[in-house]
Each structure stands twice: as C-alpha cells, then as structure tokens.
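S.K.:
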Amino acid sequence: MYTLPIEPKEKHFVVKDKNLLDCQIKQGLSVIQNQIFATAVSAIAPSETELKPMTFSTSKLAELFGIKRDNNFYKRMRDEAQNISMFVNIGSGRDSVLVPLFSTNRYNDGSGTLTLQFDERLAPYLLNLANNRNHCKYLLGDIVKLRTFYSQALFYLGVENARKRGNKFQLPLDELKTILRCNSRYKKFGQFRARVLDPAMNKINKHTHLKMEYQEITQTNNRKIVAVSFNVKWETSYQPALFIASSDSGMSAYKHLKNNGFDDVSIKCVLKSDIFEQHSIPIKYMNPYIKANIDYALQYMHGKPKIEIKAYIVKAIRRNWAEYKAPTEATKHKITKVRKHDAVTFI
Numbered sequence: 622m623y624t625l626p627i628e629p630k631e632k633h634f635v636v637k638d639k640n641l642l643d644c645q646i647k648q649g650l651s652v653i654q655n656q657i658f659a660t661a662v663s664a665i666a667p668s669e670t671e672l673k674p675m676t677f678s679t680s681k682l683a684e685l686f687g688i689k690r691d692n693n694f695y696k697r698m699r700d701e702a703q704n705i706s707m708f709v710n711i712g713s714g715r716d717s718v719l720v721p722l723f724s725t726n727r728y729n730d731g732s733g734t735l736t737l738q739f740d741e742r743l744a745p746y747l748l749n750l751a752n753n754r755n756h757c758k759y760l761l762g763d764i765v766k767l768r769t770f771y772s773q774a775l776f777y778l779g780v781e782n783a784r785k786r787g788n789k790f791q792l793p794l795d796e797l798k799t800i801l802r803c804n805s806r807y808k809k810f811g812q813f814r815a816r817v818l819d820p821a822m823n824k825i826n827k828h829t830h831l832k833m834e835y836q837e838i839t840q841t842n843n844r845k846i847v848a849v850s851f852n853v854k855w856e857t858s859y860q861p862a863l864f865i866a867s868s869d870s871g872m873s874a875y876k877h878l879k880n881n882g883f884d885d886v887s888i889k890c891v892l893k894s895d896i897f898e899q900h901s902i903p904i905k906y907m908n909p910y911i912k913a914n915i916d917y918a919l920q921y922m923h924g925k926p927k928i929e930i931k932a933y934i935v936k937a938i939r940r941n942w943a944e945y946k947a948p949t950e951a952t953k954h955k956i957t958k959v960r961k962h963d964a965v966t967f968i
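Taken in order, the sequence shown gives residues 622 to 968; the numbers are from this note's numbering.
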C-alpha cells in the first residue's frame with residue numbers, strides 16, 4: 622500500500638476527541654509513548670476518511686524527541702510503540718475495551734524507519750473532527766518539548782480543561798496523585814509541591830503555549846490541604862483563526878479547492894491563517910500559494926486514487942511542499958501590481 626511521506630514538525634497540530642485524551646490521562650503512557658502517539662496523530666490530514674499506514678524516520682523522531690541515538694535506541698522506539706495500549710470506551714454502549722493503539726507496528730532495519738497504523742476502532746476519535754465540539758487541539762512541539770511524565774500528565778489535564786479565555790478546574794489531592802502515579806510517594810504536600818507540581822508547571826509554562834497556575838485548597842477546620850485548583854489558558858497568539866475568504870485571493874484559493882473535490886468544511890480546515898504565518902506568506906498571496914501546492918500535489922500523485930490525492934493536497938498546503946515564496950515587496954507600486962495580478966490570474 623502506498624504510504625504518504627511524513628516529516629513531523631513541531632508546528633503541526635495534534636487533533637483528537639477529548640474522550641481519547643481522557644483515556645490517555647487516566648492510564649499514564651510513558652514519555653516516549655506520548656510523543657509517538659502525538660506525532661502519529663499530527664500526521665493525520667483533516668480531510669482523511671480512513672486510518673492509513675504512516676512511515677517515520679527513526680532518526681527524525683529521535684531529533685524531534687530530543688533522544689540520544691545509541692545502540693538500543695531503535696529497539697526501544699519499536700518496543701515503546703508496540704506496547705502502547707489503552708482502555709477506550711468503544712461503541713454506542715461505551716464499553717471499555719483494551720485497544721492497542723497501532724494495528725501495524727513495523728520497524729525496517731535497512732531504511733531505519735518505523736511504520737505505524739492506528740487501530741481502526743480509534744477512527745471516531747481521530748477522523749472527521751471539524752464539526753466535533755468535543756475535540757482538543759495543541760501543537761506537536763508542545764508535547765515533544767515536555768520530557769518528564771509529570772509535565773506531560775499535567776499538560777494533558779490543562780489541555781482537557783483549557784478554554785480560549787481561560788478556565789479553572791479543581792481536583793482532590795488523592796485523585797491528582799493517582800493521575801500522576803505518585804499515590805504512595807510524597808506524603809507531605811511540601812514534598813509533592815517541590816518534586817512534582819512546581820518542576821512540571823515550570824516546564825509547561827516555559828516550553829508550551831499553555832499557561833497554568835495552581836492554588837492549594839485547605840479544610841477550614843485544620844488547614845489540611847485536600848485539593849488543588851488550577852487556572853489554565855492558552856496564549857492569546859496561539860489560537861489560529863479560520864481565514865474568511867473575502868478577498869480576491871481568498872476566493873480564488875477557495876475555487877481551486879472546490880474544483881479538486883473539497884467541501885466547505887474541508888476548505889475551512891485548510892484555509893487557516895496560521896499556515897501563511899508559519900511560512901511567512903502574506904495573506905494576499907494565498908491564491909498563488911494554494912495553486913502552487915495543488916499543482917505540486919497533482920503532479921506528484923498523478924494516477925493515484927482521488928482520496929489519496931486530496932490527503933496529499935492538504936499536506937502539501939499545510940507544509941508548503943512546493944516551497945512557494947512570496948514576491949519581494951520593494952515598493953508600493955510593485956505591491957499594487959502584484960495584488961491586481963493575484964486577483965484575476967487563477968480564477
């Protein structure tokens with residue numbers, strides 16, 4: 622089966638149903654397992670309708686995860702991926718079933734690649750989430766920069782509860798310690814705070830777009846700490862706004878995608894302003910940028926099934942595989958000329 626080439630990057634988004642995130646929080650995957658899981662999810666295009674095999678270079682994964690490549694690295698990466706399984710609520714009855722996250726987990730020693738494919742039972746939690754209000758989204762770079770179990774677990778708790786304008790949530794101390802797998806350790810709260818909470822929170826606030834604060838909740842009669850209250854919010858610059866195709870360039874880009882079989886929901890997922898910010902492309906050059914990457918995808922995927930072509934188009938646009946560069950804007954006169962040209966050329 623044809624496998625799309627994948628080069629994971631920190632600026633790619635991880636999007637999944639919050640029910641899957643909740644299962645992940647409760648069952649405590651290892652640091653590398655969380656990183657592998659997030660990387661694989663970030664490789665799923667918004668328009669994809671089935672879970673396909675994904676091949677990653679293990680050397681690229683090591684670089685992304687900040688792992689030193691020694692003699693045991695490749696075996697460790699394969700074994701970590703092979704052992705990822707979670708109890709997931711499957712079906713209309715929401716029965717809890719132990720599901721291996723990957724139905725395919727194959728390491729190719731010759732090419733140094735790892736091929737993964739999600740279990741098909743996870744499809745409702747990973748596909749067609751554009752209209753699912755219960756999904757969560759964060760940058761891959763946020764999780765791969767967190768390299769301790771405590772910081773990852775607290776980050777996921779924050780993601781699950783975060784809102785654009787901030788949000789507060791509270792957990793009993795015993796429940797929080799259960800989630801963090803330290804029930805029998807750090808009997809005194811001062812130790813728990815110094816060894817777990819403060820180091821993890823510092824890492825989250827320093828390395829991710831999620832900002833977290835906490836406050837101790839005590840009993841009124843004996844001042845015993847019984848719970849922890851968290852205040853979480855995303856950085857204001859983090860939330861990528863959907864681009865509204867109101868300009869000539871935007872309308873042209875919209876028509877290009879329509880002509881290649883995209884519906885309005887898929888187009889909204891593709892035309893996000895964060896794409897152009899990531900690649901330093903002014904919004905007014907959206908049309909030639911989109912066209913260049915569609916042409917690149919059509920040429921590369923000539924003769925392939927339409928569903929694979931659409932998925933490849935999305936990846937090409939998100940990652941600028943055509944390596945489109947906006948014209949240099951030396952003077953206002955030149956800018957005006959480009960704007961007029963952009964508005965009519967590709968409609």
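For each residue, glycine too, the CB sits at the ideal point set by N, CA and C.
Here the structure is a predicted model, which means the values were calculated and not measured.
Using a Cβ-Cβ cut-off of 8 angstroms, state whether Gln-648 counts as contacting chain B.
M.R.: Of the protein chains in the structure, only one exists, and it is not chain B.
S.K.: Name the residue from Tyr-746, Thr-660 and Asp-740 whose alpha carbon lies nearest to the alpha carbon of Leu-642.
M.R.: The residue you call residue 642 lines up with position 21 of the sequence shown. For the residues Tyr-746, Thr-660 and Asp-740, the minimum Cα distance to Leu-642 belongs to Tyr-746.
S.K.: Suppose the cutoff is 7 angstroms on Cβ atoms and the five residues either side in sequence are ignored; what does the same chain contact list for Ala-702 look like?
M.R.: Here residue 702 is taken as the residue at index 81 of the sequence shown, counted from 1. The answer, listed in chain order, is Ile-657, Phe-723, Asn-726, Leu-735 and Leu-737.
S.K.: Cutting at 8 angstroms between CB atoms, please list the residues of its own chain near Gly-779, excluding the five before and the five after it.
M.R.: In the sequence shown, the residue the question calls residue 779 occupies position 158. The answer, listed in chain order, is Ile-825, Leu-831, Met-833, Phe-851 and Val-853.
S.K.: Where does Val-636 fall in DSSP's three states?
M.R.: Here residue 636 is taken as the residue at index 15 of the sequence shown, counted from 1. Looking at Val-636 - three-state DSSP - the assignment turns out to be strand.
S.K.: Taking only three categories from DSSP, how would you classify Pro-721?
M.R.: Numbered from its first residue, the sequence shown carries residue 721 at position 100. Strand.
S.K.: In the DSSP assignment, find the beta strand (DSSP E) that holds Val-847 and state where it starts and stops.
M.R.: In the sequence shown, the residue the question calls residue 847 occupies position 226. Unbroken beta strand (DSSP E) run through Val-847: 846-855.
S.K.: Of all the options Arg-754, His-756, Lys-789 and Glu-796, which has the alpha carbon lying nearest to the alpha carbon of Ala-774?
M.R.: Against the sequence shown, residue 774 aligns to sequence position 153. Answer by Cα proximity: Glu-796.
S.K.: To the nearest angstrom, how far is it from the Cα of Glu-929 to the Cα of Phe-694?
M.R.: Numbered from its first residue, the sequence shown carries residue 929 at position 308. Numbered from its first residue, the sequence shown carries residue 694 at position 73. Each residue's alpha carbon lies about 32 angstroms from the other.
S.K.: For Gly-762, is the classification buried or exposed, using 16 other Cβ atoms within 10 angstroms of its Cβ as the cut-off for buried?
M.R.: Residue 762 sits at position 141 when you count from the first residue of the sequence shown. It is buried - the Cβ of Gly-762 has at least 16 other Cβ atoms within 10 Å.
S.K.: Determine the DSSP secondary structure at Arg-754, reduced to helix, strand or coil.
M.R.: For the purposes of this step, residue 754 is taken as residue 133 along the sequence shown, with counting starting at 1. Residue state, collapsed to three classes: coil.
S.K.: How big is the Cα-Cα spacing for Phe-686 and Asn-842?
M.R.: Position 65 of the sequence shown holds residue 686. Position 221 of the sequence shown holds residue 842. The straight-line gap from Cα to Cα measures roughly 47 angstroms.
S.K.: Could you tell me the distance, in whole angstroms, from the CA atom of Met-707 to the CA atom of Cys-644?
M.R.: Within the sequence shown, residue 707 is the residue found at index 86, counting from 1. Within the sequence shown, residue 644 is the residue found at index 23, counting from 1. Each residue's Cα considered, the two are about 7 angstroms apart.
S.K.: Identify the residues that DSSP records as bridge partners of Lys-789: which are they?
M.R.: Within the sequence shown, residue 789 is the residue found at index 168, counting from 1. Paired residue(s): Asn-852.
S.K.: Figure out for me which residue from Ala-947, Arg-939, Lys-946 and Glu-944 has the closest Cα to the Cα of Ser-668.
M.R.: In the sequence shown, counting from the first residue as 1, residue 668 sits at position 47. Checked all of Ala-947, Arg-939, Lys-946 and Glu-944; the closest Cα to Ser-668 is Arg-939.
S.K.: Ignore the nearest five residues each way along the sequence and tell me which others in Asn-788's own chain have a CB closer than 8 angstroms to its CB.
M.R.: Numbered from 1 along the sequence shown, position 167 holds the residue referred to as residue 788. Closer than 8 angstroms at the Cβ level, and outside the excluded window around Asn-788, lie Asn-782, Asn-852, Val-853 and Lys-854.
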